[in-house]
Amino acid sequence: IVGEPMSILLAQKRKQGNDTVTLTHSRTQNLPEITRQADIIVAALGIPEFLKADMVKDGVIVIDVGITRVDDATRKRGYRLVGDVAFDEVSVKSSFITPVPGGVGPMTIAMLLKNTLLACQSRD
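Plus 116 on top of the position in the sequence shown (first one is 1) and you've got the numbering used here.
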């Protein structure tokens, strides 16, 4: 849902784009070697806290799209929400990182509402 469409948008020859994109998955061979070269990482694997600090370079920008409910007996609800990135350890190395929850989700809703409004306005 995220990886291929995002890679197509980023690779388009436009003012906001024309990027070199490497599309990977959780079983890509030499994945840490690949991710350590990335300036921007969009993590959308569906595997809680998959991306660790040793997999990224200093100053990386990390967009964490994943959200998973993980059992946690120390929490009142009995669980906590985590992303695909080990936030506490990766945030120390990154120049920007989206939190989970509260990062990509609110932006998704905002863009959905914006696009709904634009679609409605274009009907007139």
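Don't be surprised by glycine CBs; every beta carbon is placed ideally from N, CA and C.
Asked	Found
Hey, which unbroken runs of the beta strand (DSSP E) at 3 residues or more fall wholly within the stretch 117 to 198?	156 to 159, 177 to 180, 184 to 187 and 195 to 198
Distance check for H141 and A160, CA to CA, integer angstroms please.	9 Å
Helix, strand or coil for V216 per DSSP?	coil
Between which two residues does the alpha helix (DSSP H) holding V206 run?	F203 to S207
For S210, which three-state DSSP category applies?	coil
Going along the chain, which residues of its own chain have a beta-carbon closer than 7 Å to the beta-carbon of M122, five neighbours each way excluded?	V158
Would you kindly work out how many angstroms separate the C-alpha atoms of A80 and I163, rounded to a whole number?	Because the chain here runs from 117 to 240, residue 80 falls outside it and cannot be looked at.
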